[in-house]
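To start, the structure under review is shown below, and the notes come after it.
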Amino acid sequence: MEKFKLTNFFTIKGISAASGLLYTQMVLFVISDSSSFLYQYDMDKKLLLKFPLVKEARENIEKEHKLDLECITQHGNQLIMLGSGSTQKRNTMFTLDLGSDVLQIQDLTALYQKLKTVGSFTDDQLNIEGAIYAYQTMLLFQRGNSKNGKNGIFIIPNNQEDGIRFLPITLPTLDDVETTFTDAILVGDKIYFLACAENTESTYEDGEVLGTILGVMHAPTFEIIDIHLLSEHQKFEGITLYNETKNELEFLLCEDNDTETLETTIYKLNFLK
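Following this note's numbering, the numbering of the sequence shown begins with 31 at its first residue and continues without gaps.
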């Protein structure tokens, strides 16, 4: 019996290049790596709202100017969105209070420089693609798709004086190309992560997509305990928990199809525990 089932769930018109998503209370929040809006999709009413993150927010922003929002996570009533750090213009964190709609913006240049130092990365190697906040610690998932890049997890305690650590992670290969992190979430004591194989040596330029895997990691030790091939040709970039029962987890996934078409397909992944 297959342990998972992946199906086309629904399509949202008005969003392109989806890079992350977060589900809460029948609302699906979506970010795009080429847009400076936060999208809010009411799944019951099938209604899409756009929340500008900056003045004169735009969609389909040119690659050299985009914020490259790749991470969205939640801490209490706060939505946290992060740029990838792969260029100087991609070092911004946005925090939105879901109760008051108050938006805060923070420049992460100093933190990202510290991450490069800790991980021994050059300026063009840092590429943050997933974030988890739990137990007074932020986990940032580094996508090692640049030349000589390394997959891994930055472990950042609330009190940074306790020390930031970088834990290298070796991921499986597809067609002799190592998969690289594209997102991750925490459910119980397990981390569920997406990783894509893309035939490129750059954090900036896209390459031929060779497939995406779903991995399961034991959160306390970061040991990989399960791997499943989701697709041989799609690049899944976002994962969020939709529903949980005794025997099954239901995730929602989004795909970056590297086009400017304002349309995003949301997939449902049923996964047996």
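Here a beta-carbon is modelled for each residue, glycine too, at the ideal position from N, C-alpha and C.
No experiment lies behind these values; they were computed from the predicted model shown.
**ALA214 versus CYS101 - alpha carbon distance** = Counting from 1 along the sequence shown, the entry for residue 214 is found at position 184. Counting from 1 along the sequence shown, the entry for residue 101 is found at position 71. So the two alpha carbons sit approximately 9 Å from each other.
**Message:** Taking only three categories from DSSP, how would you classify GLU191?
**Reply:** Taking the first residue of the sequence shown as position 1, residue 191 is located at position 161. GLU191: helix per DSSP, three-state reduction.
**Item:** Own chain residues within Cβ distance below 6 Å of LYS96, not counting five before or after
**Value:** Taking the first residue of the sequence shown as 1, we reach residue 96 at position 66. Closer than 6 Å at Cβ, skipping near neighbours: SER64.
**Prompt:** Between the stretch 237-249 and the stretch 202-209, do three or more beta carbon pairs fall short of 8 Å?
**Reply:** yes
**Asked** Smallest Cα separation from THR295: which of TYR71, THR54, LEU109?
**Response** Start at 1 with the first residue of the sequence shown, and residue 295 comes out as number 265. Considering only alpha carbons, the answer is TYR71.
**Request:** Could you tell me how far apart the beta carbons of GLY160 and PHE223 are, in whole angstroms, since I believe they sit closer than 8 Å?
**Result:** Residue mapping note: residue 160 aligns to position 130 of the sequence shown, counting from 1. Residue mapping note: residue 223 aligns to position 193 of the sequence shown, counting from 1. That pair is a contact at about 7 Å.
**Request:** Identify whether THR139 lies in helix, strand or coil by the three-state DSSP scheme.
**Result:** For the purposes of this step, residue 139 is taken as residue 109 along the sequence shown, with counting starting at 1. Helix at THR139.
**Request:** Please report the residue range of the beta strand (DSSP E) in which ASP127 lies.
**Result:** Sequence index remark: in the sequence shown, residue 127 carries index 97 (1-based). Per DSSP, ASP127 belongs to the beta strand (DSSP E) from 122-127.
**Request:** Count the other CB atoms, across all protein chains shown, that sit within 10 Å of the CB of VAL132; report buried if there are 16 or more and exposed otherwise.
**Result:** Numbered from 1 along the sequence shown, position 102 holds the residue referred to as residue 132. VAL132 should be labelled exposed.
**C-beta contact flag for ILE194 and ILE186 at 8 Å** = Residue 194 sits at position 164 when you count from the first residue of the sequence shown. Residue 186 sits at position 156 when you count from the first residue of the sequence shown. Contact flag set, yes.
**Request:** Would you kindly check if the distance between the Cβ of VAL239 and the Cβ of PHE196 is under 8 Å?
**Result:** For the purposes of this step, residue 196 is taken as residue 166 along the sequence shown, with counting starting at 1. For the purposes of this step, residue 239 is taken as residue 209 along the sequence shown, with counting starting at 1. Going by C-beta atoms, PHE196 is not nearer than 8 Å to VAL239.
**Asked** Whose C-beta lies closer than 8 Å to the C-beta of HIS105 among residues of the same chain, with five residues either side of it excluded?
**Response** Working through the sequence shown from its first residue, we reach residue 105 at position 75. The answer, listed in chain order, is TYR163.
**Message:** In whole angstroms, give me the CA-to-CA distance for THR291 and ILE45.
**Reply:** Position 261 of the sequence shown, counted from the first residue, corresponds to residue 291. Position 15 of the sequence shown, counted from the first residue, corresponds to residue 45. Taking the straight line joining both Cα atoms gives about 8 Å.
**Prompt:** Less than 8 Å separating the beta-carbons of MET123 and LEU145?
**Reply:** Taking the sequence shown and counting its residues from 1, one reaches residue 123 at position 93. Taking the sequence shown and counting its residues from 1, one reaches residue 145 at position 115. It is not a contact, given that the beta carbons lie outside the stated cut-off.
**For LYS265, three-class secondary structure by DSSP** = Residue mapping note: residue 265 aligns to position 235 of the sequence shown, counting from 1. The answer is coil: DSSP assigns LYS265 none of H, G, I, E or B.
**Message:** My output table needs one value for VAL148: the three-state DSSP class, helix, strand or coil.
**Reply:** One-based indexing of the sequence shown puts residue 148 at position 118. VAL148 falls in the helix class under three-state DSSP.
**Request:** Name the two residues that bound the continuous beta strand (DSSP E) containing THR242.
**Result:** Here the question's residue 242 lines up with position 212 in the sequence shown. Element bounds for THR242: 238-248.
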